[in-house]
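> Numbers 25 to 84, taken from my numbering, label the letters of the sequence shown in order. Just so it is clear, CB atoms sit at the ideal spot from N, CA and C, and this is done for glycine as well. As the structure is a prediction and not an experimental result, all values here were calculated from the model.
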Amino acid sequence: MSDANYVHLTEVELREYVKRHPQDEEAFQHYLSIVRAKPNRVVVSTGEQLETELKKRLAS
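So this is what it looks like as structure tokens:
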């Protein structure tokens with residue numbers, strides 16, 4: 025997929041594309057740039073991290 029095509033995909037569509045095409049480094053890097061540009065976005069990889077983050081947000 026060319027760079028021009030990435031611009032027309034939604035974040036969800038691009039994420040699904042990256043999942044289906046893990047070898048497409050350009051698509052992955054474009055997706056990362058979108059994710060990293062969002063303020064207050066927290067990425068967790070374990071249930072414990074999710075629970076900790078939710079508790080932190082609920083306490084605020």
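#1: With distances taken from CA atoms, which of 60, 45, 76, 55 is nearest residue 32?
#2: Just to confirm my understanding: we take residue 52, look at its own chain, exclude 5 residues before and 5 after, and list those with CB closer than 7 Å. What are they?
#3: Ordered along the chain, which non-local residues of its own chain (more than five positions away) have a Cβ less than 6 Å from that of residue 36?
#4: Can you grab the Cα-Cα spacing for the pair residue 60 / residue 73, in whole Å?
#5: Please state the DSSP three-state secondary structure of residue 29.
Straight from the coordinates:
#1: If we check each option's Cα against that of residue 32, 55 comes out closest.
#2: For residue 52, where only same-chain residues beyond five positions count, the Cβ hits under 7 Å are 42.
#3: Here the set comprises nothing.
#4: Distance from the CA of residue 60 to the CA of residue 73, rounded to the nearest whole angstrom, comes to 18 Å.
#5: It is helical.
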